[in-house]
Amino acid sequence: ISCDMITFDDVLAARERLGDAIYYSPCPHSVALSQITGSDIYCKMDYLQRTGSFKDRGACNALLLLDAAQQQRGVVAASAGNHALGLAYHGQRLCIPVMTIVLTWHVPWRRFPRKGKPPSRKRRLSINPTRTFMIIYSS
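So the sequence shown is numbered by my numbering: it starts at 11 and just counts up by one.
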C-alpha cells in the first residue's frame, strides 16, 4: 500500500485480509443526529470490537502486511491508546512480538527551567528520558 493514496481496491484487499479477525460491527441509523444535522447519519458501533475501538482494523491489517522476517522481528508503536491495544491484541493472536512505548507526563512542571511554562513534547523527552517514558512489552 502506498502512503500517497489509498484506493477503494486497497480497502477491499484489507477487508479480505482481515477475514474473521475483526468483528463486523453494526452501523445503525441515528435518528437524533440525523434530525440535528438534516442528513442521514449512521453510527458505526466499533466500541464492540475486541479492543473497544476502530483501531483494531488498522493494527491487524498492518501486522498482516508484514513479511515473515518482519513478523519475526516484531513491531514497535509509540502509543498509549487504542492503536497500542489493537497491536498488542493482534500481535498476540498472530504470534508477532509487539513493543509499545508509552509516554508519561507525570513529571512536575517545576522541574523544568522555563518560568513555569510546560516544555514542548520534544523537550520533555530530552530532559530525562528515563523518567519520561516507559516501555511495555507484550507478545
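The C-beta atom is built at its ideal place from N, Cα and C for all residues, glycine as well.
Using DSSP with H/G/I as helix, E/B as strand and the rest coil, what is residue i?
i   : result
Y99 : helix
T47 : helix
Y33 : coil
Leaving out the 5 sequence neighbours to the left and right, which residues in its chain are closer than 6 Å to residue i when beta-carbon positions are compared?
i   : result
G96 : T61, K65, D66 and A69
P36 : M55
C53 : S40
A31 : C70
L74 : R27
Q59 : Y33 and D66
What span of residues does the alpha helix (DSSP H) with residue i cover, start to end?
i   : result
A23 : F18 to L28
C70 : K65 to L74
Could you check if residue i is buried or exposed, using at least 16 other CB atoms within 10 Å of its CB as the buried criterion?
i    : result
D56  : buried
A87  : buried
Y34  : exposed
Q102 : exposed
A78  : exposed
I46  : exposed
A42  : exposed
Q80  : exposed
R133 : Confidence at R133 is low in this model, with a pLDDT of 42, below 50, so its placement is unreliable and the value that follows should be read with caution. Counting Cβ neighbours within 10 Å, R133 comes out exposed, since fewer than 16 surround it.
Specify, as a first and last residue, the run of the beta strand (DSSP E) that residue i falls within.
i   : result
A88 : V85 to A88
Could you please give me the residues that DSSP links to residue i through a beta bridge?
i   : result
Y57 : Beta-bridge pairing links Y57 to no other residue.
H39 : Y52
Leaving out the 5 sequence neighbours to the left and right, which residues in its chain are closer than 8 Å to residue i when beta-carbon positions are compared?
i   : result
P38 : Y52, C53 and M55
Does any residue of chain D bring its CB to less than 7 Å from the CB of residue i?
i   : result
Y33 : Looking at the structure shown, chain D is missing, and only one protein chain is on hand.
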